[in-house]
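Let me begin by presenting the structure, written as structure tokens, before commenting on it.
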Amino acid sequence: MTTDTTPVPAGARRVDHLVVGAGFAGLCAAIQLDADGERDFVVLEKGGDVGGTWRDNTYPGAACDVPSQLYSYSFAPNPDWSMSFSPQPEIQAYIQRVARESGVLDRFVFDTALETATWRSEEQAWLVETSRGDYLARDLVVGAGGLSEPKLPDIEGLASFGGEVFHSARWDHTADLTGKRVAVIGTGASAIQIIPEVAERAEHLDVYQRTAPWVMPRHDRTYSRLEKAALRHVPGLQKAYRTAIYWGRESYVPPFTLAPAVLLPARKAAEANIARSISDPELRAKVTPDFQIGCKRILISNRYYPALARPTTEVVTDRIARLTERGIVTADGTEREVDVVIVATGFHTTELPITEHLVGRTGRTLAARWKESGMAAYKGTTVPEFPNLFLLVGPNTGLGHSSMVFMIESQVAYVRDAIRTMRRHRYATVEPTERATAAWNESLQQRMDRTVWSTGGCSSWYQDEHGRNTTLWPRSTFGFRRLLARFDTPAYAVGAPHTDPAPRSTPTREDVNA
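Taking my numbering, the leading residue of the sequence shown gets 2, the next gets one more, and so forth.
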């Protein structure tokens, strides 16, 4: 790893902008930079194609739980969705088509992993070391995403299990589950899509549930040929669909963030979903959560509960003690023999692995900063000590009700205005002040205290090790877009070419609490 004083490698390629990740976020940044005439950029992608999480999550039943018309770029509508909730292959095909038609793929470098990115004060640029060469970039846009690195459970014996074992995000398509004894560890968003598919193939399925999720019916439907033709040819129809879905989803915000008691009808609907599908009282009790609906992510499925009710499925709620060569032993001493273990335990969301590789102007990594102070950024996008670094899908930008693509486009608009501002005023560096960052996050956490995620009586992957929700946005998405509509220079320390950054001014309360 280089340091701030190590000579820049002679072969380092100089670019204006370096984007990390080729999922929804990185592709959006590339397309919009290109549209602004900022064509000197490179997109690094560790995988072999665009798509990010939709490229990697190819497990049976993979689909989106946000309606298709909203889970797409506003500037690239797709009239060809087959269903109101898109399956994974269609989403991946959509991303590939948008990338191909945008004309930016010539600046994507695939199968290339970022190894270290170090801020160089002398060059006022990021030195980025990769598995296939070095770059010196004026700014660094990180779109690695919070659902990119699978999280394996810390279970004794996992590595020594004698059968097949794999994570849901690294599905082994060579594994034949037909007639096998299969265990699925986890009951989150991926697991409830996987379990019905596995239940139909396996001889026996054990579902290891730590916490029961609330599951609502999935109101999905197939678009008719006539409807798809109308979406393609009738002016304004697809935009009207998207707008109606958007505002319908925004209606969920007040119950989640201001008045959790209003979620009672949703709880009744979820309880009815259990009652319709499961007749056994003992199983009903196992799968009924003991916390406020909305406290954890609300899931949607019409097939999950029927899969649990099958005579060949067992829901195991005892804690897993260890794996043996032949099976899984729970805390009560019971060993259940299995042939295949599928781990569906989510991702690293509050300790993003890429932060270990980002070294700021003080010489410490972003991971070290966040370990000390907690994961936090200014407007979810920029961080003190890290000049010219822009995080897409950063801290507290996640959603529990709507489309992350909307949030990504909002952040990219902010980054674009930051770059325009730097061009216009000849700023070499922009870095948010500690004061602005602290004020933004203090206000955000105060709002978080009123939400169902704080008052609902559960712990979840939304929270970090200190119990702070560093994942979700506790307000409306249109409020987020308004707050990021312009680059607010007063909240930043800016530096002219070949000078160290120095505070230009201090942010006003309107800047951080607008």
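The beta carbon of each residue, even a glycine, is placed where N, CA and C say it ideally should be.
Source: prediction; values computed, not measured.
Can you tell me whether residue i is helix, strand or coil according to DSSP?
i    : result
V20  : strand
A184 : strand
G399 : strand
V216 : strand
G480 : helix
E338 : strand
T7   : coil
A276 : helix
F407 : helix
F109 : strand
R202 : helix
V51  : coil
F25  : helix
V513 : Confidence at V513 is low in this model, with a pLDDT of 36, below 50, so its placement is unreliable and no value can be given for it.
A114 : coil
K438 : Checking the displayed sequence, the identity of residue 438 turns out to be Thr instead of Lys. Of the three classes helix, strand and coil, the one that applies to T438 here is helix, per DSSP.
T59  : coil
I96  : helix
T179 : coil
V43  : strand
Output the distance between the C-alpha atoms of residue i and residue j, rounded to the nearest integer angstrom.
i    : j    : result
H18  : I186 : 41 Å
A245 : P68  : 11 Å
E338 : R327 : 6 Å
E443 : D450 : 11 Å
G48  : I275 : 40 Å
A114 : A31  : 18 Å
A494 : A11  : 30 Å
L390 : V344 : 34 Å
I294 : V341 : 32 Å
L353 : R233 : 39 Å
G401 : T434 : 29 Å
W456 : D66  : Before going further, note that residue 456 is Thr rather than Trp in the sequence given. Their backbone Cα atoms lie some 24 Å apart in a straight line.
R14  : A64  : 39 Å
F25  : V406 : 7 Å
K269 : R421 : 50 Å
G134 : S103 : 26 Å
V183 : G27  : 36 Å
R483 : T179 : 51 Å
F292 : L34  : 44 Å
K372 : V235 : 52 Å
Which same chain residues end up closer than 7 Å to residue i when comparing Cβ atoms and leaving out the 5 residues on each side of it in sequence?
i    : result
W172 : T59 and Y60
V431 : P388, N389, A419, M423, Y493 and V495
I156 : I321, R323 and L324
R469 : G375 and Q446
With a CB to CB cut of under 8 Å and the five nearest residues on each side skipped, what residues in its chain are close to residue i?
i    : result
K287 : Q210, A213, V316 and T318
E124 : V9 and L137
D512 : Because the pLDDT at D512 is just 40, under 50, the model does not fix this residue reliably, and the value given afterwards should be weighed accordingly. Once the five neighbours on either side are set aside, the close Cβ partners of D512 are A437, D489, P491 and A492.
A231 : L238
D107 : none
On the premise that residue j lies in contact with residue i, defined as a C-beta separation below 8 Å, what is that separation, rounded to the nearest angstrom?
i    : j    : result
V129 : A145 : Between A145 and V129 the Cβ distance is about 13 Å, and since that is not below 8 Å, they are no contact.
S403 : L137 : Not confirmed; about 38 Å, so no contact.
G399 : A378 : With a Cβ gap of about 13 Å, G399 and A378 do not count as contacting.
F257 : T471 : No, F257 and T471 are not in contact; Cβ-Cβ is about 17 Å, not under 8 Å.
D207 : S85  : D207 to S85, Cβ: 33 Å. No contact.
A582 : L300 : Residue 582 is absent from the model: the chain starts at 2 and stops at 515.
P80  : K229 : 6 Å
Per DSSP, which residues does residue i bridge with? Please list them.
i    : result
N470 : Q464
D207 : A184 and E315
H168 : V344
E123 : Beta-bridge pairing links E123 to no other residue.
I329 : L324 and R337
R15  : L137
T604 : Since the first residue of the chain shown is 2 and the last is 515, residue 604 is not available in this structure.
Within a Cβ cutoff of 6 Å, which residues of the same chain sit near residue i, ignoring the five residues on either side of it in sequence?
i    : result
A77  : V99
L330 : The residue asked about is misnamed: residue 330 is Val in this sequence, not Leu. Same-chain partners within the cutoff: A322, R323 and E336.
I279 : R285, Y306 and A310
P154 : T346
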